[in-house]
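Trainee: Going letter by letter, the sequence shown gives residues 488 to 1192 in the numbering used here.
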Amino acid sequence: MMDRIRSFLSLLFRTGHGRPMAAAVLAVFALIVAFPDASPLKAYRLDLFDAYQSYLPRQRQSAPVVIVGIDEASLKRYGQWPWPRTRLAELIDRLMAGRPAAIGIDIIMPEPDRSSPARMAASLPQVSPALRRSLSALPDNDRILAAALAGRPVVLGAAGFDDETPTTARTMRTAPVTVKGGDAGPHIRRYPAVLKSLPELEEASAGQAVLSADLEMGIVRRVLMVAAIGDVLAPTLSVEMLRVAGGLPSFEISVGPRGITSVGVGDIRIPTQADGEAWVNFTPFMPERYISAADVLAGRVNPDMIERKLVLIGLTGQGLLDYPTTPHGERIPGIEVHAQLIENIFDGSYLRRPAWMPAVETAVVLILGVLLLMAVPALKPKHSIALAAVITAVLITAGFLLYRSTGLLFDAASSVISFDGVFAVLLGSVYIETDRARRLTQQALQAEREAAARVAGELDAARRVQMGSLPQAAGAFPGETRFDLDAFLSPAREVGGDLYDFYMLDDRRLFFIVGDVSGKGLPASLFMVMTKALTKSMVTGERTDFRGLFDRLNGVLCRENPEMLFVTAVAAVLDVEIGRLAYCVAGHEAPWHIDAAGAVEQLAGEDNPPLSVFEDAQFRAGERQLASGDAICIITDGITEAMDAAGGLYGEMRFTELLRHQGGNLSAPELLSVIRNDVRAFVDGAEQSDDLTLLVVRWYGPRIN
488 MMDRIRSFLS LLFRTGHGRP MAAAVLAVFA LIVAFPDASP LKAYRLDLFD
538 AYQSYLPRQR QSAPVVIVGI DEASLKRYGQ WPWPRTRLAE LIDRLMAGRP
588 AAIGIDIIMP EPDRSSPARM AASLPQVSPA LRRSLSALPD NDRILAAALA
638 GRPVVLGAAG FDDETPTTAR TMRTAPVTVK GGDAGPHIRR YPAVLKSLPE
688 LEEASAGQAV LSADLEMGIV RRVLMVAAIG DVLAPTLSVE MLRVAGGLPS
738 FEISVGPRGI TSVGVGDIRI PTQADGEAWV NFTPFMPERY ISAADVLAGR
788 VNPDMIERKL VLIGLTGQGL LDYPTTPHGE RIPGIEVHAQ LIENIFDGSY
838 LRRPAWMPAV ETAVVLILGV LLLMAVPALK PKHSIALAAV ITAVLITAGF
888 LLYRSTGLLF DAASSVISFD GVFAVLLGSV YIETDRARRL TQQALQAERE
938 AAARVAGELD AARRVQMGSL PQAAGAFPGE TRFDLDAFLS PAREVGGDLY
988 DFYMLDDRRL FFIVGDVSGK GLPASLFMVM TKALTKSMVT GERTDFRGLF
1038 DRLNGVLCRE NPEMLFVTAV AAVLDVEIGR LAYCVAGHEA PWHIDAAGAV
1088 EQLAGEDNPP LSVFEDAQFR AGERQLASGD AICIITDGIT EAMDAAGGLY
1138 GEMRFTELLR HQGGNLSAPE LLSVIRNDVR AFVDGAEQSD DLTLLVVRWY
1188 GPRIN
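1) Determine the DSSP secondary structure at THR1274, reduced to helix, strand or coil.
2) Quick one: grab the DSSP three-state call for PHE1142.
3) Assess contact between the stretch 716–730 and the stretch 823–834, defined as three or more Cβ pairs (one per stretch) separated by less than 8 Å. Is contact present?
4) Return helix, strand or coil for SER905, following the three-state DSSP convention.
5) Could you check the C-alpha separation between ASN1164 and LEU1158 for me, to the nearest Å?
6) Classify SER892: buried if its beta carbon has 16 or more other beta carbons within 10 angstroms, exposed otherwise.
7) Please report the distance separating the alpha-carbon of HIS1080 from that of SER1115.
8) Output yes or no for whether 8 Å exceeds the beta carbon distance between GLU817 and ASP898.
9) LEU698 by DSSP, collapsed to three states: which one?
10) Give the secondary structure of ASP1003 by DSSP, where H, G and I count as helix, E and B as strand, and everything else as coil.
11) Taking its Cβ as the centre, do 16 or more other Cβ atoms sit within 10 Å of ALA880, making it buried, or is it exposed?
12) Taking C-alpha atoms, which residue in MET1015, ALA637 and ILE579 lies nearest to VAL484?
13) Alpha carbon to alpha carbon, what distance is there between SER1024 and ARG1190?
14) Pair every Cβ in the stretch 533–544 with every Cβ in the stretch 776–788, then say whether three or more of these pairs are closer than 8 Å.
15) Might you give, ordered along the chain, the residues of its own chain that have their beta carbon closer than 7 Å to the beta carbon of ILE1162, omitting 5 neighbours on each side?
16) On the DSSP letters alone, give me the boundaries of the alpha helix (DSSP H) that VAL515 sits inside.
17) Check this for me: beta carbons of VAL1057 and ILE1121, under 8 Å apart or not?
18) Thinking C-beta only, is ALA646 closer than 8 Å to MET659?
19) Which parts of the stretch 1004–1070 are runs of the alpha helix (DSSP H), unbroken and 4 residues or longer, counting only runs that do not cross its ends?
20) According to DSSP, is ILE830 helix, strand or coil?
21) Is the separation between the beta-carbon of ASP1117 and that of ASP1082 shorter than 8 Å?
22) Relative to the alpha-carbon of GLU794, which residue among PRO597, SER902, MET583 and VAL707 has its alpha-carbon at the smallest distance?
23) What three-state label does DSSP hand SER892 in the structure shown?
24) Would you report the Cα separation of ARG506 and LEU518, rounded to the nearest angstrom?
25) For LEU914, which residues of its own chain have a beta-carbon under 7 Å away from its beta-carbon, when the five flanking residues on both sides are left out?
26) Using 8 Å for Cβ pairs, my map puts GLU1139 next to THR1123. What's the rounded Cβ distance?
27) Can you have a look at HIS674 and say buried or exposed, based on whether 16 or more other CB atoms are within 10 angstroms of its CB?
28) Using the Cβ count rule (16 or more neighbours within 10 Å means buried), how would you classify LYS683?
29) Over what stretch of residues does the beta strand (DSSP E) that includes THR1127 continue unbroken?
30) Would the beta-carbon of PRO978 fall within 8 Å of that of ASP985?
31) Identify, in the order they occur along the chain, each residue of the same chain with its Cβ nearer than 6 Å to the Cβ of LEU895, setting aside the five sequence neighbours on each side.
32) Can you tell me the Cβ-Cβ gap for ALA842 and ALA761, rounded? I've got them flagged as a contact below 8 Å.
33) Roughly how many angstroms separate the alpha carbons of LEU643 and ARG532, rounded to a whole number?
34) Buried or exposed: where does GLU764 fall if 16 or more other Cβ atoms within 10 Å of its Cβ makes it buried?
35) Enumerate in chain order the residues of its own chain whose CB-to-CB distance from PHE495 is below 8 Å, with the five nearest sequence positions on each side excluded.
36) What number of angstroms, rounded off, separates the C-alpha of PHE500 from the C-alpha of LEU855?
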């Protein structure tokens, strides 16, 4: 089963250089990028956006917000939380003395204050009736706080709940809202229930706002600008504080074809995601944003720090709340998230990811994917990798530059992963095809080696047969004193086209022949064997005059020669009793005559053509009377045309000089050895280009009885 799967995958990768498979992968990644909310690459996208902020954090330009934190120092001075509502009222009174633009309370008070005098009296049964009546007559803490809120620009927080509880409500009092461009309902985050402060506090406040912020993988990145509590549209804390600070009666929601585009207060427009969320552009933690509530209550705060500022009151003491993590990796109080969002609004340092951005990212993925589909199969792997590296760097750099210059969040991470996925398929296809081609080449080479080995074996056998068919001079003429003879043949390849032969026709006639077949290799070798066999058959069988030998041999060879080969040859008959030499030359080097004194003469060749060229050719023979001690030397052109490494030829002149200086007193085997050694020394290891054949006969005179 696994083999079938591997074979199927290999076929997919090989088909069309992997383009169909890569196109399918490209389509899948394009769908993933087009629908980012459901993308499995979401974590990589968010990590990249976090990296942008970490590498280039926002620089704080204005300080419109002050956070009054109920911190450890405040708890140590005024006791553990929750404080009596009267202390919150006192804190608000102190802050209002500094004339802030608005106050936002990031604290929800859904239950009556248990420290109110009447409630304390009811919870203490051992208290006397008179004391209980006195305590009940004292002002209620919640009413005191409501009085502190009344008529002042104070916004209370509320939390949206996905489920109803005994302490939640189904609606809340909010500021009027104007919706432009369409219905915001289908796009907005909806909570069926809300946890809010007591009704009397709700009525006394200048406004109420939703505090909820969802974490993405444990990190706060976005905050709702508007939410639906049941059917009521409610602003979040930052929007409501701006409305209250500006004395405006309502806020505004703008809706586009893909969802909510912005939330507005007066002239301010805050760009949002389609669901009404806004990205928060964070700075690192800055302690100068904070004032301790203990310092405010003690009157140790300069009013200038509060005047015309948006003041946020919240819990900052350790253990009082969960600290969300920012993209910088810092854990900060939740109230600071709202503060930094307000700073974004005042500084215009928004982070934006418009609804059309996924369409742009999808187009980028498709364009780059198509570029890869066309380029990678046509490029070398190293060039493809370089191209991919450049495009990856360009995408990441472009995303960072967009963030830096405009605050746009371009998802380069998903684009790069998609791009690299398509690239991996194409490059994998290239490697699979390369590996397959390599394996096929290896198989072909192996087959060629095996075939070459078979041919080499066959040629070696043919060489052994060919060389075995040549007579060996040593021992060929035992007890012979009238002459001696030696011959040598060295083929340029495994088999050659040269030939020699010698044998006694009778007690006094020695026949010998040297030939050279046109061409080399196996065809020439076969033609050589046929020529040699025909010659011997005619010479020994017919017992006719030697002078007509080549005429008859030529006729047969012309008729039995489909490959159109020809043979140059020298054949001779030596009467070893009287030294009379009859010879015939057919297009070959004529024999050399060397006398006992070392004089060298090349016999006349009679201008005869090679054998197997003209069927009706007539071959003229020659004669020479040898003196005692004279020698005849016959060679093929492989001797005179032997080449050294520089391409120089051995040549006829060198050969003639060698015969003149060495040929007079040496026996046939000795002279042949001298010639072989001289040729070998000349070529000095250079590759043999032609067959080398040499035959030497020396006549000593008639037999002495």
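Yeah, the Cβ is synthetic: ideal placement off N, Cα and C, and Gly gets one too.
Mentor: In terms of the structure at hand:
1) Coverage of the chain is limited to positions 488 through 1192, which leaves residue 1274 absent and any answer about it impossible.
2) Stepping through the sequence shown from its first residue, residue 1142 is reached at position 655. In the structure shown, PHE1142 sits in a helix (DSSP, three-state: H, G or I).
3) yes
4) Residue numbering aside, residue 905 sits at position 418 when the sequence shown is read from its first letter. SER905 falls in the helix class under three-state DSSP.
5) In the sequence shown, residue 1164 corresponds to position 677, counting from 1. In the sequence shown, residue 1158 corresponds to position 671, counting from 1. If you take the alpha carbons of ASN1164 and LEU1158, they lie about 10 Å apart.
6) The sequence position of residue 892 within the sequence shown is 405, counting from 1. Under this definition SER892 is an exposed residue.
7) The sequence position of residue 1080 within the sequence shown is 593, counting from 1. The sequence position of residue 1115 within the sequence shown is 628, counting from 1. If I take the Cα positions, the gap works out to 12 Å.
8) Counting from 1 along the sequence shown, the entry for residue 817 is found at position 330. Counting from 1 along the sequence shown, the entry for residue 898 is found at position 411. Cβ atoms of GLU817 and ASP898: not closer than 8 Å.
9) Working through the sequence shown from its first residue, we reach residue 698 at position 211. Reduced to three states, the DSSP call for LEU698 is coil.
10) Stepping through the sequence shown from its first residue, residue 1003 is reached at position 516. Looking at ASP1003 - three-state DSSP - the assignment turns out to be strand.
11) Position 393 of the sequence shown, counted from the start, is the residue given in the question as residue 880. ALA880 is exposed by the Cβ-count criterion.
12) Past the edges of the chain, shown from 488 to 1192, lies residue 484, and the structure says nothing about it.
13) Locating residue 1190 in the sequence shown gives position 703, where the first residue counts as 1. Locating residue 1024 in the sequence shown gives position 537, where the first residue counts as 1. Between ARG1190 and SER1024, the C-alpha separation is close to 28 Å.
14) no
15) By 1-based counting over the sequence shown, the position of residue 1162 is 675. So the qualifying residues of the chain are LEU1145 and LEU1181.
16) The residue given as residue 515 occupies position 28 in the sequence shown. Counting along the chain, the alpha helix (DSSP H) containing VAL515 begins and ends at 506–521.
17) Numbered from 1 along the sequence shown, position 570 holds the residue referred to as residue 1057. Numbered from 1 along the sequence shown, position 634 holds the residue referred to as residue 1121. The answer is yes: Cβ separation under 8 Å.
18) Here the question's residue 659 lines up with position 172 in the sequence shown. Here the question's residue 646 lines up with position 159 in the sequence shown. Going by C-beta atoms, MET659 is not nearer than 8 Å to ALA646.
19) 1008–1029 and 1036–1046
20) By 1-based counting over the sequence shown, the position of residue 830 is 343. It is Glu, not Ile, that sits at residue 830 in the sequence shown. Correct three-state label for GLU830: helix.
21) As a working note, residue 1117 is residue 630 in the sequence shown. As a working note, residue 1082 is residue 595 in the sequence shown. Cβ atoms of ASP1117 and ASP1082: closer than 8 Å.
22) For the purposes of this step, residue 794 is taken as the residue at position 307 of the sequence shown. Closest option to GLU794, Cα to Cα, is MET583.
23) Residue 892 sits at position 405 when you count from the first residue of the sequence shown. Correct three-state label for SER892: helix.
24) In the sequence shown, counting from the first residue as 1, residue 506 sits at position 19. In the sequence shown, counting from the first residue as 1, residue 518 sits at position 31. Answer to the nearest angstrom: the Cα atoms are 18 Å apart.
25) On the sequence shown, position 427 is the one that residue 914 refers to. Only VAL863, PRO868 and SER871 meet the Cβ criterion.
26) In the sequence shown, the residue the question calls residue 1139 occupies position 652. In the sequence shown, the residue the question calls residue 1123 occupies position 636. 13 Å between Cβ atoms; not a contact.
27) By one-based count along the sequence shown, residue 674 stands at place 187. Label assigned to HIS674: buried.
28) The residue labelled residue 683 in the question sits at position 196 within the sequence shown. The residue is buried, with at least 16 neighbouring Cβ atoms inside 10 Å.
29) In the sequence shown, the residue the question calls residue 1127 occupies position 640. Premise fails: THR1127 lies in the alpha helix (DSSP H), 1124–1127, not in any beta strand (DSSP E).
30) For this step, residue 978 is matched to residue 491 along the sequence shown. For this step, residue 985 is matched to residue 498 along the sequence shown. Cβ distance < 8 Å, so PRO978 and ASP985 count as in contact.
31) Locating residue 895 in the sequence shown gives position 408, where the first residue counts as 1. Excluding positions up to five away in sequence, the list reads ARG839 and LEU889.
32) As a working note, residue 842 is residue 355 in the sequence shown. As a working note, residue 761 is residue 274 in the sequence shown. Rounded, the Cβ-Cβ distance is 5 Å, consistent with contact.
33) Translated into the one-based positions of the sequence shown, residue 643 becomes position 156. Translated into the one-based positions of the sequence shown, residue 532 becomes position 45. One C-alpha to the other measures close to 35 Å.
34) Numbered from its first residue, the sequence shown carries residue 764 at position 277. When all chains shown are included, GLU764 counts as buried.
35) The residue labelled residue 495 in the question sits at position 8 within the sequence shown. Because PHE495 sits at a pLDDT of 49, beneath the cut-off of 50, its placement in the model cannot be relied upon, and the following sentence gives the value as read from the coordinates. Cβ within range, chain order: n/a, list empty.
36) On the sequence shown, position 13 is the one that residue 500 refers to. On the sequence shown, position 368 is the one that residue 855 refers to. Interpretation of PHE500 is limited by its pLDDT of 48, a score under 50 that renders its predicted location unreliable; the figure taken from the coordinates is listed afterwards. So the two alpha carbons sit approximately 20 Å from each other.
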